[in-house]
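Read the structure below first, then the notes.
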Amino acid sequence: MPLPDLRLPAVVFVALALVGCGKQGFTIPDDVRGVAPEYTARDNAESRRRANYQNEVTLAAEALRLGDLPVAEKRGRAALKLDGSRPEAYLLLTQLANARGKDAEAGELLRKAVEVAPHRGDVLNNYGAWLCTHGRPADALTYFDRAIAAPGYATPAAALANAGGCALDANQPDRAARDLRKALALAPTNAYALESMARNEYTQGRFFEARAFVQRRLATAPATRSVLQLASDIEAQLGDAVASGRYLQRIRDEFPQDAAPNTRG
Numbered sequence: 003m004p005l006p007d008l009r010l011p012a013v014v015f016v017a018l019a020l021v022g023c024g025k026q027g028f029t030i031p032d033d034v035r036g037v038a039p040e041y042t043a044r045d046n047a048e049s050r051r052r053a054n055y056q057n058e059v060t061l062a063a064e065a066l067r068l069g070d071l072p073v074a075e076k077r078g079r080a081a082l083k084l085d086g087s088r089p090e091a092y093l094l095l096t097q098l099a100n101a102r103g104k105d106a107e108a109g110e111l112l113r114k115a116v117e118v119a120p121h122r123g124d125v126l127n128n129y130g131a132w133l134c135t136h137g138r139p140a141d142a143l144t145y146f147d148r149a150i151a152a153p154g155y156a157t158p159a160a161a162l163a164n165a166g167g168c169a170l171d172a173n174q175p176d177r178a179a180r181d182l183r184k185a186l187a188l189a190p191t192n193a194y195a196l197e198s199m200a201r202n203e204y205t206q207g208r209f210f211e212a213r214a215f216v217q218r219r220l221a222t223a224p225a226t227r228s229v230l231q232l233a234s235d236i237e238a239q240l241g242d243a244v245a246s247g248r249y250l251q252r253i254r255d256e257f258p259q260d261a262a263p264n265t266r267g
């Protein structure tokens with residue numbers, strides 16, 4: 003079962019070299035926050051172009067953080083014009099397209115980011131996530147594998163979790179279990195990996211194991227509708243109608259805007 007509400011945040015689309023993305027949005031490192039470049043006589047046109055590119059990406063990211071989408075696009079396009087051989091501007095414009103609901107454009111920008119940075123783990127992971135949430139799980143797994151193997155990739159647990167969840171979509175439960183366990187070995191509180199493991203165990207009929215993973219998931223991060231529904235389904239399979247009903251009631255209380263929860267036995 004696809005979980006776009008979990009998979010895409012796990013990816014963190016704008017994992018830029020210049021800009022990090024925290025819970026509140028973009029965080030501009032102090033060394034590039036609003037600092038105008040200083041040039042010396044030794045600077046050449048290439049070094050000035052690189053500095054201007056960095057400045058435009060930083061300003062675009064700050065505008066996006068503030069919700070000023072027109073300025074973010076203007077600065078992002080300016081960065082791309084200065085240097086189309088680096089992935090940061092593509093990734094930032096992807097986030098902008100995502101904010102505007104332009105899925106196809108986001109996918110094309112990610113594809114171009116992969117073209118210019120075919121060995122960047124974060125770029126490969128991002129494109130894999132987009133492919134998986136757009137009905138191409140088998141293709142996505144190739145990019146996750148490349149991300150996991152990329153030298154210097156700082157967050158392989160994210161790609162492993164995404165690969166495991168995507169393997170479920172591709173009907174590859176053994177691969178899913180392998181990648182998800184590896185992800186949890188690196189990041190024991192990865193909410194997406196925990197939920198995906200619970201879902202995989204449930205699909206395989208191992209309901210006690212599924213219960214253990216879903217309980218860990220609920221202890222790790224705020225509940226989503228999908229995880230509460232899964233927890234209810236697990237308890238129903240284990241014959242605990244009271245516990246199943248408690249989870250269904252939580253869905254009604256915490257997600258009243260959604261459709262009525264499913265009752266399964």
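Last residue of the sequence shown: 267 in this note's numbering, with the numbers rising by one and none dropped.
Where a beta carbon is used, it is the ideal one built from N, C-alpha and C, also for glycine.
Exposure of valine 244, with buried meaning 16 or more beta-carbon neighbours within 10 Å: In the sequence shown, counting from the first residue as 1, residue 244 sits at position 242. Its Cβ having fewer than 16 others within 10 Å, valine 244 is exposed.
Length at least 4, wholly inside the stretch 167-205: the alpha helix (DSSP H) runs in chain order: 175-188 and 193-205
Alpha carbon of arginine 218 to alpha carbon of leucine 196, nearest angstrom: Position 216 of the sequence shown, counted from the first residue, corresponds to residue 218. Position 194 of the sequence shown, counted from the first residue, corresponds to residue 196. Computed Cα separation, rounded: 7 Å.
Rounded separation between glutamine 97 and alanine 108 - CA only: Position 95 of the sequence shown holds residue 97. Position 106 of the sequence shown holds residue 108. So the two alpha carbons sit approximately 7 Å from each other.
Three-state secondary structure assigned by DSSP to arginine 122: For the purposes of this step, residue 122 is taken as the residue at position 120 of the sequence shown. Correct three-state label for arginine 122: coil.
Residue from Asn54, Gln259 and Gly69 with nearest C-alpha to arginine 102: One-based indexing of the sequence shown puts residue 102 at position 100. With distances taken between Cα atoms, arginine 102 lies closest to Gly69.
Contact set for alanine 152: own chain, Cβ-Cβ below 8 Å, skip 5 residues either direction: Position 150 of the sequence shown holds residue 152. His121, Arg122, Gly123 and Leu126.
Where glycine 24 falls, given that 16 or more other Cβ within 10 Å makes a residue buried: As a position in the sequence shown, residue 24 is number 22, starting the count at 1. A caution first: glycine 24 carries a pLDDT of 30, below 50, which makes its placement in the model too unreliable to give a value.
C-alpha distance - glutamine 239 paired with alanine 187, whole-angstrom precision: Within the sequence shown, residue 239 is the residue found at index 237, counting from 1. Within the sequence shown, residue 187 is the residue found at index 185, counting from 1. Cα to Cα, the separation comes out at about 28 Å.
Reference arginine 51, options Leu71, Arg208 and Ala81, closest by Cα: As a working mapping, residue 51 is identified with position 49 in the sequence shown. Considering only alpha carbons, the answer is Ala81.
Cβ-Cβ distance between alanine 172 and proline 139 below 7 Å: In the sequence shown, residue 172 corresponds to position 170, counting from 1. In the sequence shown, residue 139 corresponds to position 137, counting from 1. Taking 7 Å as the Cβ cut-off, alanine 172 and proline 139 qualify as a contacting pair.
Coil, strand or helix - serine 234 by DSSP: In the sequence shown, residue 234 corresponds to position 232, counting from 1. Of the three classes helix, strand and coil, the one that applies to serine 234 here is helix, per DSSP.
Contact set for alanine 233: own chain, Cβ-Cβ below 6 Å, skip 5 residues either direction: Against the sequence shown, residue 233 aligns to sequence position 231. For alanine 233, where only same-chain residues beyond five positions count, the Cβ hits under 6 Å are Val216 and Tyr249.
Distance between valine 118 and tyrosine 55 (C-alpha atoms, nearest Å): Counted from its first residue, the sequence shown places residue 55 at position 53. Counted from its first residue, the sequence shown places residue 118 at position 116. Roughly 15 Å between the two C-alpha positions.
Reduced DSSP secondary structure (H/G/I, E/B, other) of threonine 157: Stepping through the sequence shown from its first residue, residue 157 is reached at position 155. Looking at threonine 157 - three-state DSSP - the assignment turns out to be coil, as it is neither helix nor strand.
Element boundaries [alpha helix (DSSP H), containing phenylalanine 209]: Along the sequence shown, read from residue 1 onward, the residue named residue 209 stands at position 207. Note, phenylalanine 209: alpha helix (DSSP H), 209-222.
With 16 other Cβ atoms within 10 Å as the buried cut-off, status of proline 190: Numbered from its first residue, the sequence shown carries residue 190 at position 188. Exposed, because fewer than 16 other Cβ atoms sit within 10 Å of the Cβ of proline 190.
Three-state secondary structure assigned by DSSP to leucine 68: In the sequence shown, residue 68 corresponds to position 66, counting from 1. Note: leucine 68 maps to coil in three-state DSSP.
CB contact flag (tyrosine 204, isoleucine 236, <7 Å): Position 202 of the sequence shown, counted from the start, is the residue given in the question as residue 204. Position 234 of the sequence shown, counted from the start, is the residue given in the question as residue 236. Yes.
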